[in-house]
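So the sequence shown is numbered by our numbering: it starts at -12 and just counts up by one. Following: one structure in structure tokens, then a few remarks.
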Amino acid sequence: MRIITVPCLKDNYAYLIAAGDSCAVVDPSEPGPVVAALDREGLKLTHILNTHHHNDHTGGNMALKERYGALVVGAEYDRHRIPGLHIGVSEKTGWDFAGHAVQVLEVPAHTRGAITFVIDGNAFTGDTLFVMGCGRLFEGDAAMMAASLAKLKALPDETKIWCGHEYAASNGRFALTLEPGNAALQARMKNFRTPSVPATLAEEKATNPFLRADSREIRKTLGMENADTVSVFAEIRSRKDVF
Ligand code: ZN
Ligand code: FE
């Protein structure tokens, strides 16, 4: 299995996943860069995977579906708002891509129907988990996002994280305001370059403040030493909203 990063729009990432005679694209914002990447790599698109319904993740669905006859795979929950959806999936159904078992994790909060696809140790997290950050709470609250991130945090440490946007530089600067003494974070920002994907889950657990609501330093920065995890998480999220 081969994964190819395809920058789209201003800071979106789509991904090609090539396996045997099949090729999927994850979150095509727009058709142009995806078609160019397929041509360059000599691949023919068979599937379109959507992590959530937002237009900057599904905007290329219809054009690519028409051009290649590709099947659209996404959350059954959001069938009414994912353009061209053929195969509706959930945590229960999972999916199979070219003989590779695909784990579907339901991770609501950025949107209610948000999912993460996990394929051979690669997690396509959309706008739920970003490199050193997490998505905004458009359709859920802090408790819901914390629970969704806890699901991702339970994946193996070596899992590769492929997220929906290149936000890592700004996310890292924000993380340093909360945890300036985190040596792993300092090192990561010192060696920073783009594209920041893929990151490993281990790196995220060591540096991403949204996975670190139990960090003593973060709690001290926020003056929330004895607060519960969700309250700390909510405070981190609201500070990031205005960073
Ligand atoms: Zn989104
Ligand atoms: Fe997005």
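Note that CB positions come from ideal geometry on N, CA and C, so glycine has one too.
Let me check you understand the geometry: is the CB of residue i closer than 7 Å to at least one non-hydrogen atom of the ligand FE?
i    : result
H152 : yes
H41  : yes
H44  : yes
L228 : In the sequence as displayed, the identity of residue 228 is Asp instead of Leu. For the ligand FE, not one heavy atom lies less than 7 Å from the Cβ of D228.
For residue i versus residue j, is the C-beta spacing smaller than 8 Å?
i     : j     : result
G122  : D128  : no
H44   : R68   : no
E191  : L198  : yes
P20   : V(-7) : yes
A137  : G100  : no
N(-1) : H97   : no
L116  : L139  : yes
A6    : F84   : yes
W149  : A174  : no
T33   : S9    : yes
V219  : A193  : no
E78   : G47   : no
Reducing DSSP to helix, strand and coil, say where residue i ends up.
i     : result
L142  : coil
N158  : helix
A88   : strand
V21   : helix
T33   : coil
E93   : strand
P182  : coil
V13   : strand
N(-1) : strand
L124  : coil
F230  : coil
V60   : strand
Within 10 Å of its beta-carbon, does residue i have 16 or more other beta-carbons around it, so buried, or fewer, so exposed?
i    : result
E166 : buried
K227 : buried
D26  : exposed
D215 : exposed
D107 : exposed
S183 : buried
Do residue i and the ligand ZN come close, with the Cβ less than 7 Å from some heavy atom?
i    : result
D201 : no
D114 : yes
H97  : yes
Does residue i get closer than 8 Å to chain C when you measure Cβ to Cβ?
i   : result
V60 : Of the protein chains in this structure there is only one, and it is not chain C.
Is there contact between the region 203 to 210 and the region 130 to 137, where contact requires at least three CB pairs shorter than 8 Å? The answer is no - the region 130 to 137 does not touch the region 203 to 210, with fewer than three Cβ pairs under 8 Å.
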